[in-house]
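Asker: I have a structure I would like to understand better, so I am pasting it below and will then ask my questions one at a time.
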Amino acid sequence: MSDPANFKALVARAEKRMRSVFERTPLQRNDFLSAKYGAEIYLKREDLSPVRSYKIRGAFNAIVKALDEGRSGPFVCASAGNHAQGVAYACAHFGVQAVIYMPVTTPKQKIHKTRSFGGEHAEVRLEGDYFDETLSAAQAYCLDAGAVFVPPFDSDNVIEGQATVAAEILEQMPEDETIDMLVLPVGGGGLAAGMTRYLADTAIDFRFVEPAGGPSLRASLDAGALVTLPRVDSFVDGAAVARIGERNFAALAHLPADHVYIAPEDRICTTMIEMLNIEGVVLEPAGALAIDGLQDIPDIAGKTVVAVVSGGNFDFERLPDVKERALRYAGLKKYFILQMPQRPGALKDFLNILGPDDDIARFEYLKKSARNFGSVLIGIETRDPDGFARIEEEMASHGFAFEDITNNATLANFIV
Numbered sequence: 020m021s022d023p024a025n026f027k028a029l030v031a032r033a034e035k036r037m038r039s040v041f042e043r044t045p046l047q048r049n050d051f052l053s054a055k056y057g058a059e060i061y062l063k064r065e066d067l068s069p070v071r072s073y074k075i076r077g078a079f080n081a082i083v084k085a086l087d088e089g090r091s092g093p094f095v096c097a098s099a100g101n102h103a104q105g106v107a108y109a110c111a112h113f114g115v116q117a118v119i120y121m122p123v124t125t126p127k128q129k130i131h132k133t134r135s136f137g138g139e140h141a142e143v144r145l146e147g148d149y150f151d152e153t154l155s156a157a158q159a160y161c162l163d164a165g166a167v168f169v170p171p172f173d174s175d176n177v178i179e180g181q182a183t184v185a186a187e188i189l190e191q192m193p194e195d196e197t198i199d200m201l202v203l204p205v206g207g208g209g210l211a212a213g214m215t216r217y218l219a220d221t222a223i224d225f226r227f228v229e230p231a232g233g234p235s236l237r238a239s240l241d242a243g244a245l246v247t248l249p250r251v252d253s254f255v256d257g258a259a260v261a262r263i264g265e266r267n268f269a270a271l272a273h274l275p276a277d278h279v280y281i282a283p284e285d286r287i288c289t290t291m292i293e294m295l296n297i298e299g300v301v302l303e304p305a306g307a308l309a310i311d312g313l314q315d316i317p318d319i320a321g322k323t324v325v326a327v328v329s330g331g332n333f334d335f336e337r338l339p340d341v342k343e344r345a346l347r348y349a350g351l352k353k354y355f356i357l358q359m360p361q362r363p364g365a366l367k368d369f370l371n372i373l374g375p376d377d378d379i380a381r382f383e384y385l386k387k388s389a390r391n392f393g394s395v396l397i398g399i400e401t402r403d404p405d406g407f408a409r410i411e412e413e414m415a416s417h418g419f420a421f422e423d424i425t426n427n428a429t430l431a432n433f434i435v
């Protein structure tokens, strides 16, 4: 990478060229979050970019610089969605061809949006169940076709493009406000690397948030070297990567590991539901990372904080699952395996245990042939999580044998 002054000049040039494609995304003070945390919370709304994520920035910069060098494509990428949409949008703008590889498991909403952004200039190929397989297919195609590969994060040009978020924030902050803290989501590390480098000469305190199912930055910082995670939970599909980019980690290796917070996937769901219901803001799981991480920062009160909202490409077919996970995390929903005595009145006895704030969300006999007892899967929702202590005590006192399987991931995923 170039020296700091040259890096800022490159970012300034990238930002200027982007204005021919899209306006700056808003920086908005959020009253709800400010009151919740006793701080001045601003949201950088990258979910309001033309492709509903910041990924358009890195893709645009990488493609325009390749065109400057006389390379005409086709431009190839491997992406679960947001980077793919950025590449498709930029290629359509420049009138060049994109070949986009996406995992077979990519949400349909992201596939459709990628095709719509690229139009006749984008060909989408679904390859592999996991991103590594998709990436290998894309790179093999590049070798065979002599195409230009546009990396999702591990690229100097992509990092420059993502750094334009930082340049915009400085331009947009009210004159009477000084940024104390910047909270960033981390996946492959392109956004974090670019923004921290651009703002390296400021006094801003950087904090980072990764999903629990893919904490590659935190693991690498703890180890003092790049780490490849043995497994990744793909729920936060925009940020769950097994290995942070090499260039990205080089830019972030000096950070204290305890400034990287780990967000549980189910808790992220509560943040998504909260922002949807209260603020009317639609976020994908990765887009909610920075907001979700605010609750982990111990010294946030009284500070002026900017959180980057990185993406809003949410497939509403996933909403029932998000709501389910949010209720379970909040302790408002539990699942039990209940041994129901096979006698008249047993079901009525059980129903009398429930109070006015309790509701049966699932009831299914798992064994219908037992003579004395029947195994029942039951899901209960309540308005007060403390009510479950009373319910369990009542079930035990009435002689109902039961097992709480809410947090038994293997069993719950199999039968719920």
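Counting in my numbering, the sequence shown runs from 20 upward without gaps.
Yeah, the Cβ is synthetic: ideal placement off N, Cα and C, and Gly gets one too.
Since residue 229 sits in a beta bridge, which residues does DSSP pair it with?
Answerer: The partner list for residue 229 (beta bridge, DSSP) reads 281.
Asker: Spell out the partners DSSP gives residue 96 in its beta bridges.
Answerer: Answer is 119, bridged to residue 96.
Asker: Alpha carbon to alpha carbon, how far is residue 194 from residue 406? Give it in angstroms, no decimals.
Answerer: Roughly 49 Å between the two C-alpha positions.
Asker: Would you grab the beta carbon distance between residue 400 and residue 352 for me? Rounded to a whole angstrom, and I think it's under 8 Å.
Answerer: Yes, residue 400 and residue 352 are in contact; Cβ-Cβ is about 5 Å, under 8 Å.
Asker: Identify every residue that forms a DSSP beta bridge with residue 393.
Answerer: According to DSSP, residue 393 bridges with 359.
Asker: Figure out for me which residue from 357, 79, 174 and 298 has the closest Cα to the Cα of residue 269.
Answerer: Residue 174 is the option with its Cα nearest to residue 269.
Asker: Look up residue 330 in the DSSP assignment and give the residues it is bridged to.
Answerer: Paired residue(s): 72.
Asker: Quick one: give me the first and last residue of the alpha helix (DSSP H) that residue 108 is part of.
Answerer: 101-113 is the extent of the alpha helix (DSSP H) around residue 108.
Asker: I need the boundaries of the beta strand (DSSP E) containing residue 445, first residue and last residue.
Answerer: Given that the chain is displayed from residue 20 to residue 435, the structure contains no residue 445 and the question cannot be resolved.
Asker: To the nearest angstrom, how far is the alpha carbon of residue 289 from that of residue 312?
Answerer: Using only the alpha carbons, I get a separation of about 12 Å.
Asker: Looking only at C-alpha atoms, which of 243, 410, 252 and 143 sits nearest to residue 285?
Answerer: Per the Cα distances, 252.
Asker: Taking 8 Å as the threshold (C-beta atoms), are residue 347 and residue 425 in contact?
Answerer: The answer is yes: Cβ separation under 8 Å.
Asker: CA-CA distance, residue 322 and residue 62?
Answerer: Using only the alpha carbons, I get a separation of about 14 Å.
Asker: Indicate whether residue 437 and residue 236 have their beta-carbon atoms separated by less than 8 Å.
Answerer: Since the first residue shown for the chain is 20 and the last is 435, residue 437 is missing from the structure and cannot be characterised.
Asker: Report the residue from 334, 82 and 24 whose alpha carbon sits nearest the alpha carbon of residue 37.
Answerer: With distances taken between Cα atoms, residue 37 lies closest to 82.
Asker: Between 412, 164, 227 and 70, which has its C-alpha nearest residue 134's C-alpha?
Answerer: Closest by alpha carbon: 70.
Asker: Nearest to residue 72 by CA position, among 349, 391 and 331, is which residue?
Answerer: The residue with the shortest Cα to Cα distance from residue 72 is 331.
Asker: Can you give me the C-alpha to C-alpha distance between residue 74 and residue 423, rounded to a whole angstrom?
Answerer: Looking at the two C-alpha atoms, the distance is approximately 42 Å.
Asker: Return the residue from the list 66, 97 and 115 that minimises the CA-CA distance to residue 89.
Answerer: Checking every option, the nearest Cα to that of residue 89 belongs to 115.
Asker: Which parts of the segment 34-85 are runs of the alpha helix (DSSP H), unbroken and 4 residues or longer, counting only runs that do not cross its ends?
Answerer: With a minimum length of 4 residues, the continuous alpha helix (DSSP H) runs that stay inside the segment 34-85 are 50-56.
Asker: Nearest CA to the CA of residue 202: which residue from 394, 238 and 324?
Answerer: For the residues 394, 238 and 324, the minimum Cα distance to residue 202 belongs to 324.
Asker: Quick check: the segment 205-212 against the segment 253-267, are there 3 or more CB pairs under 8 Å?
Answerer: Output reads yes: the segment 253-267 touches the segment 205-212.
Asker: Can you find the residues in the same chain that come closer than 8 Å, C-beta to C-beta, to residue 342, ignoring five residues on each side of it along the sequence?
Answerer: Only 288 and 292 meet the Cβ criterion.
Asker: Three or more beta-carbon pairs under 8 Å between the segment 182-194 and the segment 134-149, yes or no?
Answerer: Verdict: no, contact absent.
Asker: By Cβ distance, which residues of its chain are closer than 7 Å to residue 271, with the 5 residues on each side in sequence left out?
Answerer: Closer than 7 Å at the Cβ level, and outside the excluded window around residue 271, lie 208, 211, 212, 215 and 236.
Asker: Along the alpha helix (DSSP H) that carries residue 171, what are the first and last residues, could you check?
Answerer: Looking at the DSSP string, residue 171 is not in any alpha helix (DSSP H), and its letter there is neither H nor E.
Asker: Could you tell me how far apart the beta carbons of residue 254 and residue 301 are, in whole angstroms, since I believe they sit closer than 8 Å?
Answerer: 17 Å between Cβ atoms; not a contact.
Asker: Mind checking who residue 382 pairs with in its DSSP beta bridge?
Answerer: According to DSSP, which records beta bridges pairwise, residue 382 is partnered with 397.
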